[in-house]
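Only one structure is covered here, and it is reproduced in the block below.
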Amino acid sequence: MPELPEVETVMRGLRAVLEGRRIARAATMREGLRWPFPEGLARRLTGATVLGFRRRGKYMLVRLDTGESLLIHLGMSGRMVARPLAGAAISWMGPNGVFSDARGHNQPPEAHEHLVMETEDGTRVGFVDPRRFGSVDLLPTAVEDAHKLLAGMGPEPLEDGFTVASLSGALAGKATPIKAALLDQRVVAGLGNIYVAEALFRARISPRRLAGTIPGARAVRLVPAVKAVLEEAIGAGGSSLRDYVRADGELGRFQDRFSVYDREGQPCPLCPGPGSGCAGVSRIVQSGRSTFYCARTQR
DNA sequence: AAATCACCCTGCTCGC
DNA sequence: TGCGAGCAGGGTGATT
C-alpha cells in the first residue's frame with residue numbers, strides 16, 4: 009500500500025484522532041516487526057500526549073510530550089486502524105492481548121495487530137501489518153533527522169528542495185535505469201513502484217533509460233510530473249489495492265486514475281489506439297519488480 | 001563506490 | 001474444491 013501519498017493520508021487520519029490526546033494505554037502483541045520493538049515501547053508510550061505529526065518520505069513521526077518521537081514505517085502491508093472504544097472510554101489489556109471495555113465486552117485484537125494505543129478520550133489505534141515488513145522505533149525528537157533510517161534520505165518531492173537541479177545532480181553519472189534510481193530513497197524520498205511508473209509515464213520517459221541520461225530536458229519534465237502525480241494522489245486519498253489505506257477505513261480512490269500501473273495490455277491513455285504503433289501498456293521486470301509503461305510515448 | 005540480489009513474511013489470485 | 005506457483009505497494013544487508 010504505502011508510498012508517500014498513502015502515508016500522508018494515513019498520517020492525516022491519525023492526526024485527527026491523536027493530536028492533542030493523551031495515550032492512556034499502549035500494548036504490544038509481539039516482540040517486533042522487521043526489527044525488535046524498542047525497549048519498553050508500550051511503557052514509554054503510556055501517559056504521553058501527542059503533540060504533532062510529521063512525514064518524511066514513507067515514514068511517519070509522532071511527536072510526544074516526553075521528548076521522544078514514535079517512528080512508524082508501514083512496510084508493504086501495514087495499516088493503522090482507528091476506531092472508537094466500544095461502550096466506554098475505559099478498557100484494559102487482559103491476557104493474550106484481549107482488550108475489555110467497561111462493560112466487560114471483549115475486544116480481541118484483529119489479526120496481525122501488533123501495537124495498540126488507546127487515547128484518554130476513547131479511541132483505539134492499532135498498527136496492523138500481516139507481512140510484518142513494517143517498523144517502529146522511538147527516538148529523541150530533537151535529533152529526529154539523525155536517525156539511522158532517516159539520515160541520507162533525499163529531498164521531499166513536494167517541497168522546494170526538490171528541483172530540476174537537485175534531481176539532475178542526484179542522477180548524473182548513474183548507470184542504473186531511471187526506474188531503479190527513482191525507487192532509491194536517497195535520490196528522492198517517498199516514491200515507490202506505483203508512483204514511479206505513473207511519474208515516468210507523465211514525463212514520457214522510458215523506465216529503462218539510464219539515470220545518467222536524464223539531466224536536461226527530461227529532468228525538466230520529470231520534476232513537475234513527480235510533484236503532480238503525488239499531489240493528485242494525496243487529493244484522492246491515496247491508492248487502495250488489496251488493503252484499506254485510511255485510518256478511518258475509507259478507501260483511497262487514486263487507483264481508478266492509474267495511467268499505466270497494473271494496466272498491462274490495456275490501451276495507453278495517450279495513444280490513439282491500435283494502428284498507432286502502440287501495443288498498449290507493457291509490463292517488464294526490472295530488478296525483480298514489475299514496471300508498467302508505454303513503449304511508444306516513453307523514450 | 002555503485003549496483004544487483006536474496007531475503008524478510010503472509011495472503012491472494014490464477015491455472016491446473 | 002484443492003493445491004502449488006507466482007506475485008504483491010517495502011527496505012536492508014551481503015555480495016559482486
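Using the working numbering, you'd call the opening residue of the first sequence number 9 and step up by one each time.
Here a beta-carbon is modelled for each residue, glycine too, at the ideal position from N, C-alpha and C.
Cβ neighbours of residue i in the same chain (closer than 7 Å, five flanking residues each side left out)
| i | result |
| --- | --- |
| residue 226 | 211 and 213 |
| residue 103 | Residue placement at residue 103 is poorly supported in this model, since its pLDDT is 39, which falls under 50; the coordinates still yield a value, given next. Contacts found: none. |
| residue 231 | 170, 171, 172 and 175 |
| residue 273 | 288 and 289 |
| residue 60 | 27 and 71 |
| residue 149 | 71, 75, 76 and 77 |
| residue 228 | 172 |
Other residues of its chain near residue i: CB distance less than 6 Å, five sequence neighbours each side excluded
| i | result |
| --- | --- |
| residue 268 | 205, 209, 289, 300 and 301 |
| residue 26 | 58 |
| residue 140 | 41 |
| residue 142 | 41, 81, 82, 83 and 86 |
| residue 307 | 214 |
| residue 203 | 11 and 237 |
| residue 134 | 89, 121 and 124 |
| residue 190 | 199 and 204 |
| residue 19 | 61, 63 and 68 |
| residue 277 | 267 |
| residue 207 | 233, 234 and 237 |
Residue i CB to nearest heavy atom of the ligand GTP below 7 Å
| i | result |
| --- | --- |
| residue 289 | This structure does not include the ligand GTP; it has no bound ligands of any sort. |
DSSP bridge partner residues for residue i (one or two, in chain order)
| i | result |
| --- | --- |
| residue 125 | 34 and 133 |
| residue 67 | 64 and 81 |
| residue 57 | 30 |
| residue 166 | DSSP, once it has assigned bridges, lists no residue as partnering residue 166. |
| residue 76 | 148 |
| residue 185 | 218 |
| residue 202 | Its beta-bridge partners do not exist; DSSP assigns none. |
| residue 143 | 81 |
| residue 44 | 40 |
| residue 301 | 290 |
| residue 374 | Residue 374 cannot be examined here, being either before or after the span of the chain that is shown, 9 to 307. |
| residue 92 | 131 |
Rounded Cβ spacing between residue i and residue j (contact assumed at less than 8 Å)
| i | j | result |
| --- | --- | --- |
| residue 125 | residue 53 | 6 Å |
| residue 169 | residue 194 | Not a contact, Cβ separation roughly 14 Å. |
| residue 256 | residue 90 | 7 Å |
| residue 73 | residue 56 | 6 Å |
| residue 136 | residue 79 | No, residue 136 and residue 79 are not in contact; Cβ-Cβ is about 17 Å, not under 8 Å. |
| residue 285 | residue 304 | 6 Å |
| residue 30 | residue 128 | 4 Å |
Beta-carbon contacts of residue i that lie in its chain and below 8 Å, excluding the five residues immediately before and after
| i | result |
| --- | --- |
| residue 112 | Unreliable positioning characterises residue 112 in this predicted model, as indicated by a pLDDT of 47, which lies under 50. The coordinate reading is nonetheless provided below. Nothing listed; no residue qualifies. |
| residue 153 | 64 and 159 |
| residue 281 | 275 |
| residue 294 | 185, 187, 188, 215 and 216 |
| residue 16 | 63, 242 and 246 |
Option in the options with minimal Cα separation from residue i
| i | options | result |
| --- | --- | --- |
| residue 240 | 154, 265 and 259 | 265 |
| residue 297 | 13, 150 and 216 | 216 |
| residue 292 | 258, 259, 201 and 278 | 201 |
| residue 219 | 78, 258, 280 and 182 | 182 |
| residue 196 | 221, 234, 229 and 228 | 234 |
| residue 138 | 118, 155, 224 and 151 | 118 |
| residue 261 | 150, 15 and 245 | 245 |
| residue 222 | 17, 242 and 177 | 177 |
| residue 309 | 294, 242, 278 and 295 | Residue numbering for the chain in the displayed model covers 9 to 307; residue 309 lies beyond these limits and cannot be assessed. |
| residue 48 | 23, 147 and 22 | 147 |
| residue 224 | 192, 259, 258 and 180 | 180 |
Notebook entry, point to check: Does the segment 239-251 come close enough to the segment 183-190 that 3 or more CB-CB pairs lie under 8 Å?
Noted result: No, they do not touch.
Check: Hey, is the segment 58-68 in contact with the segment 155-165, meaning 3+ C-beta pairs nearer than 8 Å?
Finding: yes
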